[in-house]
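Enquirer:
Numbering (the numbering used here), first residue to last: 40 to 168.
1) If you measure between the beta carbons of residue 66 and residue 82, is that distance less than 8 Å?
2) Is the beta carbon of residue 94 closer than 8 Å to that of residue 103?
3) Under 8 Å, do residue 42 and residue 79 count as touching if we go by C-beta distance?
4) Within the same chain, show all residues whose beta-carbon is closer than 8 Å to that of residue 44, passing over the 5 residues directly before and after it, in chain order.
5) Applying the 10 Å Cβ sphere with the 16-neighbour rule, what's the burial state of residue 84?
6) Helix, strand or coil for residue 81, going by three-state DSSP, please let me know.
7) Do you know whose CA, among 90, 123 and 77, lies nearest residue 147's CA?
8) By alpha-carbon positions, which one of 112, 125 and 86 ends up nearest to residue 39?
9) Once DSSP output is grouped into helix, strand and coil, what is the label at residue 115?
10) In three-state DSSP terms, what is residue 61?
11) Going by C-alpha to C-alpha distance, which of 142, 137, 143 and 145 sits closest to residue 156?
12) I need the DSSP call for residue 50, collapsed to helix, strand or coil.
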């Protein structure tokens, strides 16, 4: 059975952040199946609940949604434009489990690694964001 989860991604080690950073990352909601992969069919039913919050140091917090495009996934902050979209690298092949890593290509065109810090089942659908 698929459930909706709140997933926290934190910037992993990079040149600018050799220890990673808990001040840079994302919190988003997505339906995960038993193998911790995003369930596309459930996402189609719940996509209005699959929101993301991007926090990046001193920059303003951004809010958007998780989108499925072709076989890929991306964060979308402005519905009328794709310029601000942040695509994942092969997210459909990654298990979203604590300790695993995923890569996101951000606004600046740089692909960065993120570590999955927590995965919590959403019990109250109104608290997804």
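For every residue, glycine included, the Cβ atom is placed at its ideal position computed from N, Cα and C. Note that the structure is predicted; figures quoted are calculated from it, not measured.
Expert: The answer reads as follows:
1) no
2) no
3) The answer is no: Cβ separation not under 8 Å.
4) 68, 69, 70, 71, 135, 158, 159, 160 and 161
5) exposed
6) Taken through DSSP and simplified to helix, strand or coil, residue 81 comes out as helix.
7) 123
8) For residue 39 there is no data in the structure shown, the boundaries of the chain being 40 and 168.
9) strand
10) strand
11) 137
12) strand
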